[in-house]
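Chemist: Letter by letter, the sequence shown follows residues 153 to 324 in the working numbering.
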Amino acid sequence: MPTSPHQSSDDELVPPAESSLLRAAYKKSGLTVADLASGTGLSVGTVNIALSGIRYRDGKAKIAIPADRTLVKLASVLRIHPEVLRAHDRRRAAELLAEASEASSVTSIASDLDAQAVAAGRSALARQVLSLFAAEELRAELERRDRAEHDAIDREAWDDVADTLRAEQWPL
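1. Do you know how far the Cα of Ala271 is from the Cα of Tyr208?
2. How should Thr316 be labelled, buried or exposed, when 16 other C-beta atoms within 10 angstroms of its C-beta is the threshold for buried?
3. Is there a Cβ from chain C that is less than 8 angstroms from the Cβ of Glu247?
4. Mark Ile232 as exposed unless 16 or more other C-beta atoms lie within 10 angstroms of its C-beta, in which case mark it buried.
5. Where DSSP assigns a beta bridge to Lys212, which residues make up the other side?
6. Is Glu170 buried or exposed, if buried means 16 or more other CB atoms sit within 10 Å of its CB?
7. Indicate whether the contact test is met: 3 or more Cβ pairs, each with one atom in the stretch 243-254 and one in the stretch 192-206, closer than 8 angstroms.
8. What residue range does the alpha helix (DSSP H) around Ser172 cover?
9. Can you give me the Cβ contacts of Ala177 inside the same chain, cut-off strictly under 6 angstroms, excluding the 5 residues immediately before and after it?
10. Where does Met153 sit, in a helix, a strand or coil, going by DSSP?
11. Between which two residues does the alpha helix (DSSP H) holding Asp298 run?
12. I'd like to check one pair, Leu226 with Thr192: are the Cβ atoms closer than 8 angstroms?
13. Taking its Cβ as the centre, do 16 or more other Cβ atoms sit within 10 Å of Ala309, making it buried, or is it exposed?
14. Using only the alpha-carbon positions, how far apart do Asp306 and Arg297 sit?
15. Output needed for Asp162: all residues of its chain with C-beta closer than 7 angstroms, excluding positions within five of it in sequence on either side, in chain order.
16. Rounded to whole angstroms, what's the CA-CA distance from Thr198 to Lys179? Just pull it up for me.
Next up, the structure:
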């Protein structure tokens with residue numbers, strides 16, 4: 153007869169449901185444990201323990217139920233919905249994940265709006281600067297830059313030839 157919900161009758165440890173959930177999402181994600189650690193700010197060891205649900209102390213395996221904050225960080229990166237955590241009776245973790253998701257979307261929206269504003273500002277500035285020049289002046293500048301680029305390439309080619317000739321020993 154099992155002694156706890158996480159131990160089978162033959163003394164085999166059964167990982168917590170949360171760890172099984174994390175592990176399944178991890179396998180589908182295509183990420184590595186190092187990716188998860190980097191994306192969550194957790195250590196590789198902590199990620200491994202959360203995914204396996206087992207921690208080793210003094211050479212003995214023990215069940216390790218992921219802490220709410222660890223579960224939230226991993227669930228966020230693995231895109232596990234808060235309702236899934238609620239279904240696993242992890243209400244507090246589900247609430248934290250929902251809060252983190254809301255904060256992330258607000259930050260994302262703000263970042264997107266900032267990026268759009270910067271792009272619009274640069275575009276307006278470019279139009280203003282370009283409007284100061286006549287089309288013929290712009291064409292002349294582009295041709296000048298093109299010639300300068302070709303001249304630089306030609307100089308490099310001649311320098312390469314000169315280096316090759318210097319490197320080889322010519323009989324006198």
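C-beta: ideal position from N, C-alpha, C; glycine also.
Modeler: According to the structure data:
1. 52 angstroms
2. exposed
3. Among the chains in the structure shown there is no chain C, since it carries only a single protein chain.
4. buried
5. Arg209
6. buried
7. no
8. 169-181
9. Leu230, Ile232
10. Note that Met153 scores 44 on pLDDT, short of 50, meaning its location in the model is unreliable; the coordinates nonetheless yield the value given after this. Three-state DSSP puts Met153 in coil, outside helix and strand.
11. 287-319
12. yes
13. exposed
14. 14 angstroms
15. Per-residue confidence for Asp162 stands at a pLDDT of 48, beneath the threshold of 50, marking its modelled position as unreliable; no derived number is given.
16. 17 angstroms
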